[in-house]
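Peer 1:
2 protein chains.
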Amino acid sequence: MRMKIKALPFEVRRHFVALSERDSKELGVLSGDRVKISVGKKSIVAEVGIIPGMVKDGECGISNLFLSEIDAKEGDGAEVVPVPKPKSFQHIRKKILGGKLSKEEIYELINDIASGSLNEVEVAAFVSASYMLKMDLDEIEWMTKAMIDTGERITFERGTVVDKHSIGGVPGNKITLLIVPIIAASGLLIPKTASRAITSATGTADTFEVLANVNLSVDEIKEITERVGGVIAWGGATQLAPADDHIIRVEYPLSIDPKPQLLASVMAKKGSVGAKHVVIDIPVGEGSKVPDVDIGRELANNFVELGRRLGLNVFCALSSGGQPVGRAIGPALEAKEALKTLEERKGSSSLIEKSLGLAGILLEMAGRSSNGYEDAKRIFTSGKALEKMKEIIEAQGGEIFSSKDVLVGDKTYTLKSKKEGAVEAVFNKTLVKIARAAGAPKDKGAGVYIHKKRGEVVKEGDAIITIYAEKEWKLDNAIDIALQEPAVEITGMILEKFPSVRYLGGE
Amino acid sequence: MRMKIKALPFEVRRHFVALSERDSKELGVLSGDRVKISVGKKSIVAEVGIIPGMVKDGECGISNLFLSEIDAKEGDGAEVVPVPKPKSFQHIRKKILGGKLSKEEIYELINDIASGSLNEVEVAAFVSASYMLKMDLDEIEWMTKAMIDTGERITFERGTVVDKHSIGGVPGNKITLLIVPIIAASGLLIPKTASRAITSATGTADTFEVLANVNLSVDEIKEITERVGGVIAWGGATQLAPADDHIIRVEYPLSIDPKPQLLASVMAKKGSVGAKHVVIDIPVGEGSKVPDVDIGRELANNFVELGRRLGLNVFCALSSGGQPVGRAIGPALEAKEALKTLEERKGSSSLIEKSLGLAGILLEMAGRSSNGYEDAKRIFTSGKALEKMKEIIEAQGGEIFSSKDVLVGDKTYTLKSKKEGAVEAVFNKTLVKIARAAGAPKDKGAGVYIHKKRGEVVKEGDAIITIYAEKEWKLDNAIDIALQEPAVEITGMILEKFPSVRYLGGE
Chain A
18 MRMKIKALPF EVRRHFVALS ERDSKELGVL SGDRVKISVG KKSIVAEVGI IPGMVKDGEC
78 GISNLFLSEI DAKEGDGAEV VPVPKPKSFQ HIRKKILGGK LSKEEIYELI NDIASGSLNE
138 VEVAAFVSAS YMLKMDLDEI EWMTKAMIDT GERITFERGT VVDKHSIGGV PGNKITLLIV
198 PIIAASGLLI PKTASRAITS ATGTADTFEV LANVNLSVDE IKEITERVGG VIAWGGATQL
258 APADDHIIRV EYPLSIDPKP QLLASVMAKK GSVGAKHVVI DIPVGEGSKV PDVDIGRELA
318 NNFVELGRRL GLNVFCALSS GGQPVGRAIG PALEAKEALK TLEERKGSSS LIEKSLGLAG
378 ILLEMAGRSS NGYEDAKRIF TSGKALEKMK EIIEAQGGEI FSSKDVLVGD KTYTLKSKKE
438 GAVEAVFNKT LVKIARAAGA PKDKGAGVYI HKKRGEVVKE GDAIITIYAE KEWKLDNAID
498 IALQEPAVEI TGMILEKFPS VRYLGGE
Chain B
18 MRMKIKALPF EVRRHFVALS ERDSKELGVL SGDRVKISVG KKSIVAEVGI IPGMVKDGEC
78 GISNLFLSEI DAKEGDGAEV VPVPKPKSFQ HIRKKILGGK LSKEEIYELI NDIASGSLNE
138 VEVAAFVSAS YMLKMDLDEI EWMTKAMIDT GERITFERGT VVDKHSIGGV PGNKITLLIV
198 PIIAASGLLI PKTASRAITS ATGTADTFEV LANVNLSVDE IKEITERVGG VIAWGGATQL
258 APADDHIIRV EYPLSIDPKP QLLASVMAKK GSVGAKHVVI DIPVGEGSKV PDVDIGRELA
318 NNFVELGRRL GLNVFCALSS GGQPVGRAIG PALEAKEALK TLEERKGSSS LIEKSLGLAG
378 ILLEMAGRSS NGYEDAKRIF TSGKALEKMK EIIEAQGGEI FSSKDVLVGD KTYTLKSKKE
438 GAVEAVFNKT LVKIARAAGA PKDKGAGVYI HKKRGEVVKE GDAIITIYAE KEWKLDNAID
498 IALQEPAVEI TGMILEKFPS VRYLGGE
């Protein structure tokens, strides 16, 4: 059908065309169907949106962004014809019907996801089918390989490449900021790509961005890693395993995190950077992603087996995930805590022990040490890790090299204990909620500092948490939550809950 | 957060607000999240869309359509705060995790679907979870009742209300245009609501629209049914079981038709109009929705049991669905064939036998006959059915009372046989494809007439199908398909496929 192009003054994610209701009926298409739009010899396939008032009859509305792809401008004539859904949609249907996908089918599917040829409802159907009906390890292996093959890759000229990954779910987990400099200082290469927060208070990319630029290209990641031994870059700025980003985008609105996609996502990122040895941190505990040890072990087995199939040496560590790692939550607070720990060579034991433990495993896997923990500790306490951290910050264009230069929110509120006792429980989800209400991750200085963790003794009037914010109204919102929903449970040391019983012992 | 309202000059289906990337970060929301927009004392909950270029920082873009709901206009100040997903989203997650939903959960869910509070990705997740993980009959019963309770209902002052439904999938199925006048002529009430085509060549509402107005309100359906005994109205123009429309909208892009939703959808429409006796036509055969008799029987059992739980007397008929009913496919062609059959009191045996059979079942169910088929036939051959049809057309504001006044497309092409033999197979899906390419259902006059059906003898040069179109280019597209993909398979009466064997028998 002959139509006239209207340039839409806004940008939509994928190829999209707005049609009038009359014209879409004329073409026999509904919203979500595809049409091919041809101008001269150039053409694009776009998804139809029928939005009354956006275009007139006879017009096809295309975002300015895509007009250049077909060398067209407002008012040009275009030929518009319906085209079927991509063939890979049939593979999604096969999965929905409970079938096992072949290698070729998975490659077609991941290719179409990576190129944006499948829309969100279709990708969501695939992801939720994977969640409900599972995928076997063959399918997961093919999916991982397809994710790697549909993206950019980094090949290093020299050195042994190692990597670490934490599957997330525990707040305050800034261990990457300690592990990367330790490993880089040991002579191994660690081109760490990290994510930004979606539902958490900060992602490692958000945290390191407080100190340096994390929007690195694949070439920059390669160059800096080869020069200083390591980087901490935002994975989303690269084209490493890009299908993964599309999958994550539909997982968020459904609040699901299917195991096949989790496994493939982690391993594809590692495979893309050519890692040989990978350590995977699986936090286990209430309020983290993995509620109990059995599920953690099964996941660990899957990671190791998938690594074997991909030629990656994988080691998994189940870690304590029931409360935050370290004491700071939020981008600047976490960057400050990590840098301070490197400077002082001491600090929160949960942060230091976990970082040295995982770094040590990597040193042993790569054959650099027979006692990895001790060697990692030596690099940490010698100050070499701090020196390496400064090199990495400088290489990534940063200008903050000292924890005292890291600015945190100047609007603060400290919640104090009204009774004495000991901390019985710390609630990860509440802490994240408070930190996000305070402005994290958008406001870098916002977050929560936790003064008392599980097992610690509390006196009346002791500070329990301090909320940091950049804006007064966000601080108020965060305080409201903190007062309604305690982040920490304190059990009294006297049995004050039973007023009819008098406890006669001393304090 | 304080923002300024921008009026968006187009209409989107649900409450939608466009935010800039900066502001959505500030609010901590992503596309698909909800915010509450308050102007003075009025407020709406809207779904966030982050579409660069649509609004400036500080602006919230709302469709004109919804501004009146909060008495707001362009430039007004509004308070925007994030709100959580509806509680019913947790019920969708429960289903995804394989749980059984309670009555209360299903009511909340259907209520939120009916009111548009859940978005397409969320409804799609529910529908595909129902497809993959099934629902039991309790859940289906509650879903049906919730669909009825969240919509309008019709209560008739007099008479016995009966209804029919065909689950679809077979082209040319214009039996409603014969059954409704026969039943109405018998003195029973039949307030038939029908659907429009989504993927087929025509829906009953599209077909009857050729003769009369089908966009009737609930009050009009009641008034006309009480006056003349029956109507054929488009269900989508009413608010009868509106949740169903939202569910159908997500089934289309996923090409799935889960049994729980199919059962609930049919029975909710019947329950909403207060039908006491319902006959359900289940076409069985290749190319229809139900490929074999066993699946058809199971579905029939489910319908009958669901009817029992709802207090509806249900009878199912498995019918032959392997080839079209009658010979015409497409809105005007089918309306013409139905009217002509009523006028001549003869015609395609598949059409007449099926219509009389189903009408007869209804007469027996309602206690009006001990030999329903014969009584239905008497009404048909006496001309009473034709008279009633004219009354119904007139009551629905129609002006076409004779089949010769029904106009069909004047661009035609007849495909002729190049060999002689007999029709071995007729392909439903190809016929629909050709009819849609020719312009159906949008171009009322477009469609296909099939001259030779299964078992019929064909001579060289005999017409096989005639394609009708209103536009030359659409006719060309339809011809292309018809030539590439035969709609009819003709088996030669001599063994011409084996050239090395000479068959010596006569013709």
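Protein chains in written order, with our numbering: chain A, 18 to 524; chain B, 18 to 524.
Glycine is no exception: its CB is placed at the ideal position from the N, C-alpha and C atoms.
Since the structure is predicted, the reported quantities are computational estimates derived from the model, not experimental observations.
For residue 165(B) versus residue 89(B), is the C-beta spacing smaller than 8 Å?
Peer 2: no
Peer 1: Would a C-beta distance cut-off of 8 Å place residue 297(A) and residue 320(A) closer than the cut-off?
Peer 2: With contacts defined as CB atoms closer than 8 Å, residue 297(A) and residue 320(A) qualify as a contacting pair.
Peer 1: I'd like the list of long-range same chain contacts for residue 534(A), defined as Cβ closer than 6 Å, with 5 residues on each side in sequence excluded.
Peer 2: Because residue 534(A) is not part of the residues shown, which for chain A are 18 to 524, the question remains open.
Peer 1: Can you name, in chain order, every residue of its own chain whose Cβ lies under 6 Å from the Cβ of residue 372(B), other than the five neighbours on each side?
Peer 2: 192, 195, 196
Peer 1: Could you check if residue 288(A) belongs to the surroundings of the ligand SAM, using beta carbon to heavy atom distance under 7 Å?
Peer 2: Ligands in the displayed structure: none, and consequently the ligand SAM is not present.
Peer 1: Tell me the rounded alpha-carbon separation between residue 47(B) and residue 211(A).
Peer 2: 20 Å
Peer 1: Scan the region 249-274 of chain B for residues whose Cβ lies nearer than 9 Å to a Cβ of chain A and list them as they occur along the chain.
Peer 2: 266, 267, 269, 270, 271, 272, 273
Peer 1: Do you know offhand how far residue 51(B)'s Cα is from residue 260(A)'s?
Peer 2: 26 Å
Peer 1: If you draw a straight line from the C-alpha of residue 106(B) to the C-alpha of residue 156(A), how long is it?
Peer 2: 29 Å
Peer 1: Does the beta carbon of residue 145(B) sit closer than 8 Å to a beta carbon anywhere in chain A?
Peer 2: yes
Peer 1: Could you compute how far the alpha carbon of residue 26(B) sits from the alpha carbon of residue 65(A)?
Peer 2: 19 Å
Peer 1: If we call anything under 8 Å between Cβ atoms a contact, is residue 75(B) one with residue 40(B)?
Peer 2: yes
Peer 1: Could you tell me which chain B residues have their CB closer than 7 Å to the CB of residue 42(A), listed as they occur along the chain?
Peer 2: 459
Peer 1: What residues in its chain sit with their C-beta under 6 Å from that of residue 386(B), if we drop five residues either side in the sequence?
Peer 2: 380, 392
Peer 1: In whole angstroms, what is the alpha-carbon distance linking residue 450(B) and residue 458(B)?
Peer 2: 11 Å
Peer 1: Using the Cβ count rule (16 or more neighbours within 10 Å means buried), how would you classify residue 159(A)?
Peer 2: buried
Peer 1: Please determine if the region 433-448 of chain B and the region 201-215 of chain B are in contact, where contact requires at least 3 C-beta pairs separated by less than 8 Å.
Peer 2: no
Peer 1: Among 55(B), 252(B), 464(B), 418(B), which residue has its Cα nearest to the Cα of residue 358(B)?
Peer 2: 418(B)
Peer 1: Classify residue 101(B) as buried or exposed, calling it buried when 16 or more other Cβ atoms lie within 10 Å of its own Cβ.
Peer 2: Its Cβ having fewer than 16 others within 10 Å, residue 101(B) is exposed.
Peer 1: Mind pulling the chain B residues with CB within less than 7 Å of residue 69(A)?
Peer 2: 27, 28
Peer 1: What is the rounded straight-line gap between the Cα of residue 469(A) and the Cα of residue 61(B)?
Peer 2: Computed Cα separation, rounded: 41 Å.
Peer 1: Please go through the region 113-140 of chain B and give each complete alpha helix (DSSP H) segment of 4 or more residues, from N-terminal end onward.
Peer 2: 120-131
Peer 1: Measuring CB to CB, does residue 111(A) end up less than 8 Å from residue 147(A)?
Peer 2: no
Peer 1: Taking 8 Å as the CB-CB limit, is residue 113(B) close to chain A?
Peer 2: yes
Peer 1: Please report the Cβ distance between residue 460(A) and residue 489(A), rounded to the nearest whole angstrom; I am assuming they are in contact, meaning their Cβ atoms lie under 8 Å.
Peer 2: Going by Cβ atoms, the distance from residue 460(A) to residue 489(A) rounds to 12 Å, so no, they are not a contact pair.
Peer 1: Using the beta-carbon of each residue, which ones in chain A are nearer than 8 Å to residue 137(B)?
Peer 2: 138
Peer 1: Tell me the start and end of each unbroken alpha helix (DSSP H) in the region 45-104 of chain B that is at least 4 residues and wholly inside, in chain order.
Peer 2: Listed in chain order, the complete alpha helix (DSSP H) runs (minimum 4 residues) inside the region 45-104 of chain B are 81-84.
Peer 1: I'd like to know whether the C-beta of residue 141(A) is nearer than 8 Å to at least one C-beta of chain B.
Peer 2: yes
Peer 1: When the distance is taken between beta carbons, is residue 378(B) closer than 8 Å to residue 332(B)?
Peer 2: With respect to residue 378(B), residue 332(B) sits close: the two C-beta atoms are nearer than 8 Å.
Peer 1: I want to verify the contact list: residues of chain A whose CB lies under 7 Å from the CB of residue 149(B), in sequence order.
Peer 2: 113, 146, 149, 150
Peer 1: Verify whether the separation of the beta carbon atoms of residue 412(B) and residue 175(B) is less than 8 Å.
Peer 2: Not a contact, by the Cβ cut-off of 8 Å.
Peer 1: Which ranges would you report for the beta strand (DSSP E) in the region 164-230 of chain A if only whole runs of at least 3 residues count?
Peer 2: 179-183, 207-211
Peer 1: Reducing DSSP to helix, strand and coil, say where residue 362(B) ends up.
Peer 2: coil
Peer 1: Taking DSSP's pairing of strands, which residues face residue 284(A) in a bridge?
Peer 2: Answer is none; residue 284(A) lacks a bridge partner.
Peer 1: Can you check whether the CB of residue 456(A) is closer than 8 Å to the CB of residue 491(A)?
Peer 2: yes
Peer 1: What number of angstroms, rounded off, separates the C-alpha of residue 265(B) from the C-alpha of residue 389(B)?
Peer 2: 34 Å
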